Structures are given as C-alpha cells and as structure tokens.
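K.L.:
Residue numbers (our numbering): -16 to 58.
Okay, structure coming up:
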C-alpha cells in the first residue's frame, strides 16, 4: 500500500490469481466428498490444507508479480 498504483495493481493481480488457482481447492473439496464418511478427519484435513495452500500460493504469486513489476520501475 505504498501508493495507489501499486494498490490497484495488487488488487487486480490478486483477484486474477485467486480465480486462476481456485480450481485446486474446488477439486480437493470434491475429493473430500468422495471419501468415506468413516474417514471424515482425513476428508476435512485434505480440504483445509488445500484451501490454505491455495491462499498462500495466490498471495505468493501476487507478491512476486508486484516485486517484478515495481522493482524494475524504481531502479
């Protein structure tokens, strides 16, 4: 949030990354539904871990693009 240009770019890229990689938790949620009810902890774990990984990966990709775009401009 250093300036409005960076903020706007981060919002745009962040939304694109979340949409692009949202199939990962979606597919693992379907996998979680297919697991037998007796393994509910395994199912819950798969869904939670994939969702957290998706969130962290989306943030990482956004930060990487921010650094690559704005570090070049500032040099």
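Cβ coordinates follow ideal geometry from the N, Cα and C atoms, glycine included.
From a predicted model like this one, the values you see are computed outputs, not experimental measurements.
Could you tell me the distance, in whole angstroms, from the CA atom of residue 7 to the CA atom of residue 49?
P.N.:
The C-alpha of residue 49 is placed about 23 Å away from the C-alpha of residue 7.
K.L.:
Hey, how far is the Cα of residue -4 from the Cα of residue 45?
P.N.:
One C-alpha to the other measures close to 6 Å.
K.L.:
Taking buried to mean at least 16 other C-beta atoms within 10 Å of its own C-beta, is residue 28 buried or exposed?
P.N.:
exposed
K.L.:
Kindly indicate which residue of 30, 0, 18 and 20 has the alpha-carbon position closest to the one of residue 12.
P.N.:
30
K.L.:
With a threshold of 16 other CB atoms inside 10 Å of the CB of residue 5, please say whether the residue is buried or exposed.
P.N.:
exposed
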